[in-house]
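Report on one structure; see the data block that follows.
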Amino acid sequence: MTAPSLILLGQGGRDPRVAQICQTLCGQVRELRPGLDVQVAFTDNPPTALQMINKLVEHGVTEVVLTPLSLSDAFSSSEDLAQLLTAIRAAHPGLQVVASQPVGPDPRLLGVVDRRLRDELRRRRVDDLDGLVFLADGHHDPRSHAIIARRARLWSTHHKLPTVIAFGGDHGPSAAEAVRSLLAQGRRHVAVGSWYLGPTDDFREQAQLAAEAGALAVSAPLGAEPELVESIISRYVVSAMDLVDLEPLLTEQQPVRHLTAVSA
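Converting from the sequence shown to the numbering used here requires adding 16 to each position, the first position being numbered 1.
Okay, structure coming up:
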């Protein structure tokens, strides 16, 4: 049997670079798992997840794993995702579809934040820091905020620098408020590490406000990096196993489906 298809669910948005990052990640997963059917869908742009699944079902696909490319949502139980799964199942009653955990907040991604920030510090010729801001894409789930805060503390401990967390959107405190709070403590060399996948409108606004508030550097979003590909595959493997039919094992001792095709 073939492995379940994988749909990477990205945000999309007005900036084409955001969608391109999702497409690049899709290509990288295909390179590492050439036997795996990998597609991209978006929440804000076509093709939507339902449009992509319609095409897959037309080609005979019966099992699908959705992997959200969200960095600040730590759970696959958000209301929007639940509604999406309900709509998909209503449209295709015979389809088995599950949502994996989002790629974030995988702690491996902190290494990407560091690389991006080092690049920006070199570009701006900054070689001394005494304060950091961890800027995360905002999310309404307080549990996700708590996990992001733990990632920020881990990042702060690693660098041995005082760190203030900031959130995009209206989830606050903003990047500018975080920068000003460090400056008010007597810090003079503050930089911002960005926990965003791509240059969304919200990221660009937060980055500009942070710079205006006195940040010496704001790192670029993570983009398509190997750590993200590893996280995608890990999330997929765990959820694909949820689709495995164990009944043959209990009755006829037949091999479990999918495992050789999706092993990490």
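Cβ coordinates follow ideal geometry from the N, Cα and C atoms, glycine included.
Alpha carbons only, please: which of the options is nearest the one belonging to residue i?
i	options	result
Leu-52	Cys-42, Asp-31 and Leu-199	Cys-42
Ala-226	Ala-191, Ser-235 and Gly-239	Ala-191
Asp-135	Arg-33, Ala-233 and Ala-19	Ala-233
Ala-90	Gln-67, Ala-115, Thr-78 and Ala-106	Ala-115
Gly-185	Thr-179, Thr-59, Gly-209 and Gln-222	Gln-222
Ile-249	Pro-158, Gly-120 and Gly-230	Gly-120
Leu-177	Glu-243, Gly-110 and Asp-146	Asp-146
Ala-200	Gly-230, Gln-224, Gly-214 and Gly-209	Gly-230
Gly-127	Val-253, Asp-60 and Ser-210	Ser-210
Leu-137	Ser-247, Asp-258 and Ala-236	Ala-236
Mind checking who residue i pairs with in its DSSP beta bridge?
i	result
Glu-79	Gln-112
Leu-25	Ala-57 and Pro-84
Gly-209	Phe-150
Ala-233	Ala-207
Would you call residue i buried or exposed, if buried means 16 or more other Cβ atoms sit within 10 Å of its Cβ?
i	result
Gly-76	exposed
His-155	buried
Pro-50	exposed
His-274	For His-274, the predicted structure reports a pLDDT of 39, less than 50, and the residue's modelled location is therefore unreliable. The matter cannot be settled from this model.
Ala-207	buried
Gly-29	buried
Met-68	buried
Ala-256	buried
Asp-144	exposed
Asp-96	exposed
Gln-117	buried
Leu-62	It is worth fixing the name first, because residue 62 is Pro in this sequence and not Leu. It counts as exposed.
Gly-188	exposed
Glu-47	exposed
Gln-36	exposed
Ser-279	The predicted position of Ser-279 is uncertain, since its pLDDT is 36 and thus under 50; no value can be drawn from it.
Asp-217	exposed
Gln-270	Note that Gln-270 scores 43 on pLDDT, short of 50, meaning its location in the model is unreliable and no value can be drawn from it.
Can you give the beta carbon distance from residue i to residue j, rounded, assuming they're within the 8 Å contact cut?
i	j	result
Cys-38	Leu-72	At roughly 17 Å, the Cβ-Cβ gap does not stay under 8 Å, so Cys-38 and Leu-72 are not in contact.
Leu-66	Ala-19	Not quite, the Cβ-Cβ distance comes to about 21 Å (not below 8 Å), so this is no contact.
Val-180	Val-142	About 18 Å separates the two Cβ atoms, so there is no contact after all.
List, from N- to C-terminal side, the alpha helix (DSSP H) runs of 4 residues or more that fit wholly inside the stretch 119 to 156.
126 to 139
At 3 residues or longer, and completely inside the stretch 152 to 189: list those beta strand (DSSP E) runs for me, N to C.
179 to 183
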